[in-house]
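Take the sequence shown: its position 16, counting from 1, is numbered 62 in the numbering used here, and each next residue is one higher. We put the beta carbon where it would ideally sit given N, CA and C, even for glycine. Nothing here was measured: the structure is a model prediction, and the numbers come from that model. Before any comments, here is the structure.
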Amino acid sequence: MQFLKTVFWVLLAVLLSFFAYRNWTDVTLNLWGNIQADVKVPILLLIAFLLGWLPTWLIMRARLWGMQRRIEAFDRQRTTERTQEAMAEEMQSPVI
Numbered sequence: 047m048q049f050l051k052t053v054f055w056v057l058l059a060v061l062l063s064f065f066a067y068r069n070w071t072d073v074t075l076n077l078w079g080n081i082q083a084d085v086k087v088p089i090l091l092l093i094a095f096l097l098g099w100l101p102t103w104l105i106m107r108a109r110l111w112g113m114q115r116r117i118e119a120f121d122r123q124r125t126t127e128r129t130q131e132a133m134a135e136e137m138q139s140p141v142i
């Protein structure tokens, strides 16, 4: 399975490299006012991809962080309850 994953990523990298090589041309972007920027097409696509991917990734990481904190708090609570139960059982058991 690892081999197939590696083949997939290598194939994707080759295809993206070929796309970037064949489309390495300037595109003029008209920004606000009279400002214009010349950007290569693959760089523009990379920036657009990152602008879409980064907020989604940050939201996912924030949710995972929140869930992890909840799980840790629940585990601490269960550990405390188990410790209290064990102490109560020790006090109730007769000592010989």
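Asked	Found
For L100, the three-state DSSP class (helix, strand or coil)	helix
Residue span of the alpha helix (DSSP H) that contains L75, given as start and end	Careful: L75 lies outside any alpha helix (DSSP H), inside the beta strand (DSSP E) at D72 to N76.
Pair within 8 Å by beta-carbon distance, L96 and A83	no
Identity of the residues DSSP links to A83 by a beta bridge	L75
Separation of G79 from V73, as counted between CA atoms	18 Å
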